[in-house]
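Asks: Here it is, the structure, as structure tokens.
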Amino acid sequence: MDYQRLFSEIAIELSEIDDLGNVASYIPELQNVDPKKFGIHLSTIDRQDYSFGDAHEKFSIQSIAKVLALALAFELEDDQLWDRVGVEPSGSPFNSLVQLEYEKGIPRNPFINAGALVICDILVSRLNNPQQEFLEFTRKISGNSQIDYCSRIAESERLTSFRNAAHLNLMKSYGNIQNDIEAVLDFYCHLCSIAMTCKELAQGYLFLAANGVNPITNERVLRGSQTKRINAIMQLCGFYDEAGEFAFKVGLPGKSGVGGGIIAIYPGHYSIAVWSPKLNKKGNSYRGMQILEFFTTRTKSSIF
Ligand code: GLU
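Final position of the sequence shown in the working numbering is 392; the numbers increase by one with none missing.
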């Protein structure tokens, strides 16, 4: 398959369709991005790489980082983790508080904000310096020392994090947050501020396509069975309340972020990262979803 040519064809076809949606603005710094950015990077487990467009430019990966936070917490806690967070799709917006009260402070899954905040609480309990150690974990599994937080974005989210603070307070009232709320919130905002390129994302998350071992570094990140579980959660919960639509159109496990990035995994084959900042009404990259729909259709590489 000539992937390079396929990417050019996809770009041409998409340029004929309006890029609807809006760049995220509820975190003020996120609106300073050029809405026309468009990047794709494919990494295969047999070590081939294909880039297109703005694939080498860093952007704010936002919720895509929640996958790595889950990987580290899963490595540390193993199955005890599931006492504090579920594995079911929420069917609600990523920052909804409603379900959390009905379900007594146990978030539906680790990718909605409430669940990711519980994961952050676990990492704050387990690590001496969560911010530094999480960054080291990310750099190690990606084999890339260039990955870093963006303090501008972290600060901007921290100043407007009233709803995440509400999640933390509600969960603390049910005993599902053990640390100081400010410390957890600060770590969460840093986690979401990580900046990566499409290439770094595809390569860093390739372990999810390769049974838990990153083929680039030969580093085992998780056991095969743990990798299977993370992919399953991505499939069911990786796209806010649009996970069904993503499964329907793209047919791969994946995770999106409000910075306009999406990572998708074809287990046993490849990881692919795309970036286009305009988001649809559900908070997923409008064009990113289209790129992946075209890609898996043309390459016949969906898991279904
Ligand atoms: N930092 C963002 C928030 O908490 C993450 C949202 C996302 O990318 O889904 O609102």
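Glycine is no exception: its CB is placed at the ideal position from the N, C-alpha and C atoms. Small disclaimer: the values here were computed from a predicted structure and weren't measured.
With a threshold of 7 Å, establish whether the CB of E145 neighbours any heavy atom of the ligand GLU.
Replies: no
Asks: By the DSSP assignment, the beta strand (DSSP E) with S344 in it spans what residues?
Replies: G342 to S344
Asks: At what residues does the alpha helix (DSSP H) containing L158 begin and finish?
Replies: A153 to E165
Asks: Apart from the five residues just before and just after N267, which ones in its own chain have a Cβ nearer than 7 Å to its Cβ?
Replies: D209, V212 and S213
Asks: Less than 7 Å separating the Cβ of G300 from some heavy atom of the ligand GLU?
Replies: no
Asks: Does D329 come out as helix, strand or coil in the three-state DSSP assignment?
Replies: In the displayed model, D329 falls within a helix according to three-state DSSP.
Asks: Contact between the region 141-152 and the region 340-356: three or more CB pairs below 8 Å?
Replies: yes
Asks: Consult DSSP for V186 and reduce its assignment to one of helix, strand or coil.
Replies: helix
Asks: Short of 6 Å in beta carbon distance, which residues of its chain neighbour A271, apart from the five on each side in sequence? Order them along the chain.
Replies: V212
Asks: With burial defined as no fewer than 16 other Cβ atoms inside 10 Å of the residue's Cβ, what is the status of R421: buried or exposed?
Replies: The chain is shown only over 89 to 392; residue 421 falls outside these bounds and no answer can be derived.
Asks: Measuring alpha carbon to alpha carbon, tell me which of S239, R375, L279 and L273 ends up nearest S249.
Replies: L273
Asks: Along the beta strand (DSSP E) that carries Y358, what are the first and last residues, could you check?
Replies: Y358 to W363
Asks: Output yes or no for whether 8 Å exceeds the beta carbon distance between D107 and K366.
Replies: yes
Asks: Just mark H129 as buried or exposed, buried being the case when its beta carbon has 16 or more other beta carbons within 10 Å.
Replies: buried
Asks: Say whether chain B places a C-beta atom closer than 8 Å to the C-beta of E145.
Replies: Looking for chain B here will not work: only one protein chain is present.
Asks: Need the endpoints of the beta strand (DSSP E) that S131 sits in, please.
Replies: G127 to T132
Asks: Given a cut-off of 8 Å on the beta-carbon distance, is the pair I321 and N197 in contact?
Replies: yes
Asks: Following a CB-centred definition, is S151 positioned closer than 7 Å to any heavy atom of the ligand GLU?
Replies: Answer for S151: yes, Cβ within range of the ligand GLU.
Asks: In terms of alpha-carbon separation, which member of L118, S131 and L102 lies closest to P355?
Replies: Its Cα nearest to that of P355, the residue S131 stands out among L118, S131 and L102.
Asks: Just to check, is the beta-carbon of G345 closer than 7 Å to a non-hydrogen atom of the ligand GLU?
Replies: yes
Asks: Determine which residues share a DSSP beta bridge with E307 and list them.
Replies: N302
Asks: For R172 versus P303, is the C-beta distance shorter than 8 Å?
Replies: no
Asks: With the cut-off set at 8 Å, would you say N306 and I353 are in Cβ contact?
Replies: no
Asks: Examine the Cβ distances between the region 275-285 and the region 215-229 and report whether three or more of them are shorter than 8 Å.
Replies: yes
Asks: Between P341, A202, G109 and T315, which lies nearest to F392 when the distance is taken from Cα to Cα?
Replies: P341
Asks: Confirm, please, whether the CB-CB distance from A297 to Y358 is below 8 Å.
Replies: yes
Asks: Out of K125, A112, F126 and F140, which has the shortest C-alpha to C-alpha gap to L94?
Replies: Of the candidates K125, A112, F126 and F140, the residue whose Cα lies closest to the Cα of L94 is F140.
Asks: Return yes when the C-beta of E245 is under 7 Å from any heavy atom of the ligand GLU, and no when it is not.
Replies: yes
Asks: Looking at the strands, I want to know which residues DSSP matches up with N110.
Replies: Paired residues: L367.
Asks: Give me the Cβ distance between L324 and P177, rounded to the nearest whole Å; I'm assuming they're in contact under 8 Å.
Replies: 5 Å
Asks: State the start and end residues of the unbroken alpha helix (DSSP H) segment that holds G292.
Replies: Where G292 is concerned, the enclosing alpha helix (DSSP H) stretches over C286 to G292.
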